[in-house]
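Engineer: The sequence shown maps to residues 9 to 239 in our numbering. Using N, Cα and C, we set each Cβ at its ideal position, and we do this for glycine too.
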Amino acid sequence: MHRDASLVRWGTYGQPVLLFPTAGGDAEEIERMLVIRALDPLISAGRIKVYSCDSIAGAALAAKEGSDAHRCWLLNQFHEYVANEVVPAIRADCQDDQIEIVAAGASIGAFNAVAVACRYPHLFRAALGMSGTFDLEHLLGFQGNEDYFFSSPLAFLQGLDGPMLEVLQTRFFVLPFGQGRWENPSESWRMAEVLGAKGVPNRVDPWGKDYDHDWPTWREMLPLYLDDLVA
Numbered sequence: 009m010h011r012d013a014s015l016v017r018w019g020t021y022g023q024p025v026l027l028f029p030t031a032g033g034d035a036e037e038i039e040r041m042l043v044i045r046a047l048d049p050l051i052s053a054g055r056i057k058v059y060s061c062d063s064i065a066g067a068a069l070a071a072k073e074g075s076d077a078h079r080c081w082l083l084n085q086f087h088e089y090v091a092n093e094v095v096p097a098i099r100a101d102c103q104d105d106q107i108e109i110v111a112a113g114a115s116i117g118a119f120n121a122v123a124v125a126c127r128y129p130h131l132f133r134a135a136l137g138m139s140g141t142f143d144l145e146h147l148l149g150f151q152g153n154e155d156y157f158f159s160s161p162l163a164f165l166q167g168l169d170g171p172m173l174e175v176l177q178t179r180f181f182v183l184p185f186g187q188g189r190w191e192n193p194s195e196s197w198r199m200a201e202v203l204g205a206k207g208v209p210n211r212v213d214p215w216g217k218d219y220d221h222d223w224p225t226w227r228e229m230l231p232l233y234l235d236d237l238v239a
């Protein structure tokens, strides 16, 4: 990606969880937004270790950095960086070169969590995509290219077959969303339909109209679902 990126960890023992920031967020966004405080019971009990990395591609997309082709390339490179650098770093920290990771995120962070779990199912055992924004072409108003195709699960999953799909069919995806302000439930339903059509286990969880597309919603969702996923 031709730039530096940070990787931060909270906790010392437990199931590794890679929590992607929203849009242009950095690795410490989840601490500032009190997500780590919400997860403290799971962290303190040694059930999870939480990792987060800078959302370099998300920042470029949000800022409309460079051309459409550049942003699509950066998105693809970001996912490869996660697979080839972030995951090995997490495994080294856990002293287990085979441990599988839970991916999680909200909004565009949900896109990245679901995307890496679909692209690299041998690395990720589950994904939690809260209030997901999965159709980035529509959201950000750009035309995707080949880089975008391989980065977007809505696109590449439809043609996926063979051994990779067989591994993916052993994974599990949870797609919760609120029905309050700024939410778009159709995004999660569409993602679930694509996963389901390929035989990939998933669950869509609609929350009520009091749950907006915002941090209070995600602070409530995260401990609940991670408690189930790491049981």
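Is the separation between the beta-carbon of GLU191 and that of HIS221 shorter than 8 Å?
Structural biologist: Mapped onto the sequence shown, residue 191 falls at position 183. Mapped onto the sequence shown, residue 221 falls at position 213. Taking 8 Å as the Cβ cut-off, GLU191 and HIS221 qualify as a contacting pair.
Engineer: Should LEU69 go down as buried or exposed, given a rule of 16 or more other Cβ atoms within 10 Å for buried?
Structural biologist: Here residue 69 corresponds to residue number 61 of the sequence shown, with the count starting at 1. With 16 or more other Cβ atoms within 10 Å, it is buried.
Engineer: For the alpha helix (DSSP H) that contains ASP101, what are its first and last residues?
Structural biologist: Reading the sequence shown from its first residue, position 93 is the one you call residue 101. Segment 95-102, the alpha helix (DSSP H) holding ASP101.
Engineer: Leaving out five residues on either side along the sequence, give the residues of the same chain with a beta carbon under 6 Å from the beta carbon of PRO209.
Structural biologist: As a working note, residue 209 is residue 201 in the sequence shown. PHE180.
Engineer: Identify every residue that forms a DSSP beta bridge with MET199.
Structural biologist: As a first step, residue 199 is located in the sequence shown; it is residue number 191 there, counting from the start. Partner(s): none; MET199 has no beta bridge.
Engineer: Got a sec? Which residues, its chain only, sit under 7 Å from ASP155 by beta carbon, not counting five neighbours each side?
Structural biologist: By 1-based counting over the sequence shown, the position of residue 155 is 147. Counting only Cβ-Cβ distances below 7 Å, and skipping sequence neighbours, we find CYS80, TRP81, LEU83, ASN84.
Engineer: At what residues does the beta strand (DSSP E) containing GLY137 begin and finish?
Structural biologist: Here residue 137 is taken as the residue at index 129 of the sequence shown, counted from 1. 132-138 is the span of the beta strand (DSSP E), which, as asked, contains GLY137.
Engineer: Relative to the alpha-carbon of GLU174, which residue among LEU203, GLU93, ASP104, ALA121 has its alpha-carbon at the smallest distance?
Structural biologist: The residue you call residue 174 lines up with position 166 of the sequence shown. Nearest C-alpha to GLU174: LEU203.
Engineer: With the cut-off set at 8 Å, would you say TYR219 and GLY186 are in Cβ contact?
Structural biologist: In the sequence shown, the residue the question calls residue 219 occupies position 211. In the sequence shown, the residue the question calls residue 186 occupies position 178. Cβ atoms of TYR219 and GLY186: closer than 8 Å.
Engineer: So who's on the other strand from SER60, going by DSSP bridges?
Structural biologist: Looking up residue 60 in the sequence shown gives position 52. According to DSSP, SER60 bridges with VAL16.
Engineer: Just to confirm the assignment, what range does the beta strand (DSSP E) spanning ALA35 have?
Structural biologist: Position 27 of the sequence shown, counting from 1, holds the residue named residue 35. ALA35 -> no beta strand (DSSP E), and no H or E assigned at all.
Engineer: Exposed or buried, which one is ALA205 when buried takes at least 16 other CB atoms within 10 Å?
Structural biologist: For the purposes of this step, residue 205 is taken as residue 197 along the sequence shown, with counting starting at 1. ALA205 is exposed by the Cβ-count criterion.
Engineer: In its own chain, which residues sit with a C-beta less than 7 Å from the C-beta of ARG99, not counting the 5 before and 5 after it?
Structural biologist: Counted from its first residue, the sequence shown places residue 99 at position 91. So the list reads ASP105, ILE107, once near-sequence residues are dropped.
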